[in-house]
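Going by the working numbering, the letters in the sequence shown line up with residues 265 to 324, in that order. Working notes for the structure below.
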Amino acid sequence: MTNFNLRDLEIIRNANLSTSTLQRQINNMIESSDNCRAIVECLNRKTGEYRIVLQGTLDE
């Protein structure tokens, strides 16, 4: 298991991340969480645009 922490959220906040880096960071965050859930907040079937909110608690 990885040791993702709150400081690592600053990496995700960076808008210039590659898709592979973003995927790796989000996977690390989910693996380091005590609990996690995803909410599909928005989905545009015409454009394919979506918004997903992840909510959880990081393992201390």
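No residue lacks a Cβ here, since even glycine has one placed at the ideal position from N, Cα and C.
Given a threshold of 16 other Cβ atoms within 10 Å of its Cβ, counted over all protein chains shown, does residue i qualify as buried or as exposed?
i      : result
Ser296 : buried
Which one of the options has the shortest CA to CA distance from residue i?
i      : options                           : result
Gln319 : Glu305, Thr283 and Glu313         : Glu305
Ala302 : Thr321, Phe268, Leu270 and Ser282 : Thr321
Asp323 : Asn308, Cys300, Val317 and Arg315 : Cys300
Asn267 : Thr285, Asn291 and Leu286         : Asn291
Counting only the same chain and skipping the five closest in sequence on each side, list residues whose C-beta sits under 7 angstroms from that of residue i.
i      : result
Gln289 : Asp272, Ile275 and Ile276
Among residues of its own chain, excluding the 5 on either side of residue i, which ones have a beta-carbon nearer than 8 angstroms to its beta-carbon?
i      : result
Ile316 : Ala302, Ile303, Val304 and Glu305
Ile294 : Cys300, Leu318 and Gly320
CB-CB under 6 angstroms to residue i, same chain, minus the five flanking residues each way: which ones, in chain order?
i      : result
Asp298 : Thr321 and Asp323
Tyr314 : Leu307
Please specify which runs of the beta strand (DSSP E), each continuous and at least 3 residues long, are wholly inside the segment 273-323, giving them in chain order.
297-307 and 314-322
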